[in-house]
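Shown next, in structure tokens, is the structure this report addresses.
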Amino acid sequence: MQSAIAQRLEAVLGPSHRRGATLRALSVEGVSKRYGETQALNDVSIEFEPGTIHTILGENGSGKSTLLKLLSGIVQPTAGRIMLNGNEIRPRSPLDMQSLGLDTVFQEVLITPYRSVSDNVLLGYDGLFKRRIPERLRDATAKAALDALSTSPIDLDELAGEVPLAMQQLIVIARALSKLPSILLLDEATAALDYGDRDRVFDVVTDYARAGNLVIFISHRMDEVKRLSDRVSVLRSGRLVDTLQRAEVTSERLLKLMAPEAVLHA
Ligand SMILES: Nc1ncnc2c1ncn2[C@@H]1O[C@H](COP(=O)(O)OP(=O)(O)OP(=O)(O)O)[C@@H](O)[C@H]1O
Ligand SMILES: [Mg+2]
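Here it is as structure tokens:
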């Protein structure tokens, strides 16, 4: 079964852009990351399953972004292993991970302001595939990805630096999804969106996971976490506290795992 966004892209590009069907079992085993005096992650082990949305939850500074940066190849662990399909991988750069089928939407909105909306959606696309997108299909491809995520009208030729922040955030989400990664990492990726667009993005992401892909999701908002998560791993001060299955998830339980002191004082 293909995801809805894969179908939209295929309608424009034909089946040639499709990546090989790769169900990727990803896990971290005892990973730690130290920045000088700060132990950002401490001996964390998590198994991620294809076809699920796996949320990483924790207070500010608990190590969520650090975990995603390790998985994205941006920083390297000081200890522990990252495993993909049963083999240890040692990514040295985001390109290493992209070529393995993983893409990330970071907490910061990363756009190239002096290039068009269309160029920004397709940024990084060409390097990844043997076939480039033909010039005449570039706009249609970017539009297909953006239309999947939003009903707002979009001028594809406008400079990306001049569109509202919410649209920029949709652009970076569309950029990641248009590559059809088997593993999609989202770090607070919907923070700038209004409710309508956020809702739609969540539907797209849910559909994407149901099609067999792995989505790893970071959010602060309890309603989003409960709505989307098949599993939730809670970090506190860089350590894994627990991983809950969907049926075990309640706000009270999550809050207690995140910050037991706060619950005691409440
Ligand atoms: N490049 C860095 N250099 C030094 N310390 C860092 C660096 N990146 C993160 N840290 C520290 O590591 C810890 C974990 O940070 P991280 O960004 O992973 O937390 P987070 O859970 O994503 O927080 P937030 O909810 O605020 O995004 C924090 O104490 C942070 O200050
Ligand atoms: Mg963070």
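Take any residue in the sequence shown, note its place counting from 1, add 173, and you have its number in our numbering.
Every residue, glycine too, gets a C-beta built ideally from N, C-alpha and C.
Quick check on this structure: which residue in 336, 199, 243, 427 has the alpha carbon closest to the alpha carbon of residue 215? Ranking the options by Cα distance to residue 215, first place goes to 243.
On the DSSP letters alone, give me the boundaries of the beta strand (DSSP E) that residue 352 sits inside. No beta strand (DSSP E) holds residue 352; DSSP gives it neither H nor E.
What does the alpha-carbon distance come out to for the pair residue 411 and residue 311? Their Cα atoms are separated by approximately 42 Å.
On the DSSP letters alone, give me the boundaries of the beta strand (DSSP E) that residue 212 sits inside. Looking at the DSSP string, the run of the beta strand (DSSP E) that includes residue 212 is 211 to 221.
Is the beta carbon of residue 352 within less than 6 Å of some heavy atom of ligand 2? No, the beta carbon of residue 352 sits no closer than 6 Å to any heavy atom of ligand 2.
Hey, could you find the ends of the alpha helix (DSSP H) residue 426 is sitting in? In this chain, the alpha helix (DSSP H) harbouring residue 426 covers 424 to 431.
Option in 281, 298, 414, 382 with minimal Cα separation from residue 432: Checked all of 281, 298, 414, 382; the closest Cα to residue 432 is 414.
Measuring from each Cβ to the nearest heavy atom of ligand 2, keep the ones under 7 Å and list them in chain order. Residues flagged by the Cβ proximity filter: 237, 238, 280, 360, 361, 391.
Taking buried to mean at least 16 other C-beta atoms within 10 Å of its own C-beta, is residue 396 buried or exposed? Result: exposed.
Assuming contact is defined by CB atoms lying nearer than 7 Å, are residue 253 and residue 205 in contact in what I supplied? In contact: residue 253 and residue 205 (Cβ atoms closer than 7 Å).
Beta-bridge partners of residue 390, as assigned by DSSP: Paired residue(s): 228, 359.
Can you grab the Cα-Cα spacing for the pair residue 346 / residue 210, in whole Å? Each residue's alpha carbon lies about 34 Å from the other.
Please tell me whether residue 282 and residue 322 are closer than 7 Å, where the distance is taken between their beta carbons. Going by C-beta atoms, residue 282 is not nearer than 7 Å to residue 322.
Does the beta-carbon distance from residue 293 to residue 197 come in below 7 Å? For the pair residue 293 and residue 197, the CB atoms are not nearer than the 7 Å cut-off.
Segments of 3+ residues assigned as beta strand (DSSP E) that fall wholly inside the stretch 278 to 317: You should have found no qualifying run.
Under 8 Å by Cβ, that's how I've got residue 351 and residue 318 pegged, so tell me the actual separation to the nearest angstrom. Contact flag correct, Cβ pair sits at about 4 Å.
Given the structure, does residue 176 come close to ligand 1, in the sense that its CB is under 6 Å from one of the ligand's heavy atoms? Judged by the Cβ position, residue 176 fails to qualify as a neighbour of ligand 1 at the 6 Å threshold, every heavy atom of the ligand being at least this far.
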